[in-house]
Each structure stands twice: as structure tokens, then as C-alpha cells.
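Counting with my numbering, you get residues 1 to 127 for the letters of the sequence shown.
Input: a single structure, listed below in C-alpha cells.
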Amino acid sequence: MKEIMAFIRTNKVNATKKALAEGGYPSFSCRSCLGRGKKSIDAELLKLVLSTGELPMNATGEHLTEAVRLIPKRFFTVIVDDSNVNDVVEIIIAANQTGHPGDGKIFVLPINESYKVRSGESTTEAY
């Protein structure tokens with residue numbers, strides 16, 4: 001079993017839910033979160049502001065705080081058999097890919113055990 005963790009844009013939640021359900025994966029969790037990627041502050045812009053004391057007309061204050069600003073995202077978790085990982089990853093990518101920075105990230109982790117709270121059952125079918 002694998003856990004697929006996907007961080008996506010907030011405006012892509014409905015498309016992702018629909019795509020997963022239509023693809024045969026209706027069981028997942030989703031929650032709100034804040035995060036940021038690798039993109040950092042523009043060093044040249046910062047040097048210019050520090051040396052002149054002025055922000056260029058084509059820049060906004062966001063450009064200077066971008067290195068620490070957290071962006072609202074949605075966090076999906078899907079648990080699947082190993083054989084279904086590629087299918088789910090492809091579904092999530094297809095529903096979220098715009099080709100622009102911030103489309104999201106997907107991580108795949110192993111699941112060693114799972115338990116049903118109702119029955120206490122511990123098997124690979126417990127998810």
C-alpha cells in the first residue's frame with residue numbers, strides 16, 4: 001500500500017475530487033493548509049530597493065515578502081494499492097496541471113500497516 005500526498009491549488013479541489021471519483025478512487029481526505037515552494041525573493045529587486053529606497057513601478061510589495069509568504073493550498077491524501085499509484089498520480093496531475101509555478105507537489109510514501117477502528121482488523125484490505 002502507498003499513501004499519495006498531493007498539495008494543490010485551492011481552485012482545483014472540485015476538479016480533483018471529480019477526477020479521482022470518476023477514475024475509481026472515491027476514498028480520500030482533503031484539508032486546508034498553508035505552504036510555499038522553492039521560489040525565493042528577487043535579490044536584484046531587493047538590492048535596488050535598498051540602494052534607492054524606492055520600489056520600481058512594475059513591482060509590488062509582495063515581491064519583497066515572497067520568500068516568506070505562505071500560500072493557501074489544499075492537501076489531499078489517497079491510500080491505494082501499489083499497482084494503482086501511477087494511475088492516481090496521473091489523475092491528480094491531469095486535474096491540476098496549468099504549466100505555471102504553484103501547480104502543486106505529489107509525494108508517495110509506503111504504508112506499513114492499517115487498522116479499521118470499528119473492527120480492529122489489521123490487513124491490507126483495512127484501508
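Cβ atoms here follow ideal geometry from the backbone N, Cα and C, with glycine treated the same way.
Nearest residue (CA-CA) to residue i, options the options
i           : options          : result
residue 98  : 4, 1, 5 and 12   : 12
residue 103 : 31, 8, 88 and 72 : 8
residue 19  : 110, 106 and 96  : 96
residue 70  : 91, 32 and 82    : 32
residue 23  : 72, 73, 1 and 93 : 93
Exposure label - residue i; buried when at least 16 CB within 10 Å
i           : result
residue 38  : exposed
residue 105 : exposed
residue 21  : exposed
Rounded straight-line distance, which links the Cα of residue j to that of residue i
i           : j           : result
residue 122 : residue 81  : 15 angstroms
residue 86  : residue 114 : 21 angstroms
residue 83  : residue 4   : 13 angstroms
residue 17  : residue 118 : 26 angstroms
residue 36  : residue 72  : 9 angstroms
residue 107 : residue 2   : 10 angstroms
residue 88  : residue 26  : 11 angstroms
residue 116 : residue 10  : 30 angstroms
Supposed contact pair residue j and residue i - C-beta distance, whole angstroms, cut 8 angstroms
i          : j           : result
residue 79 : residue 111 : 6 angstroms
residue 76 : residue 28  : 6 angstroms
Residues that residue i bridges to, as DSSP identifies them
i          : result
residue 6  : 76 and 106
residue 29 : 77
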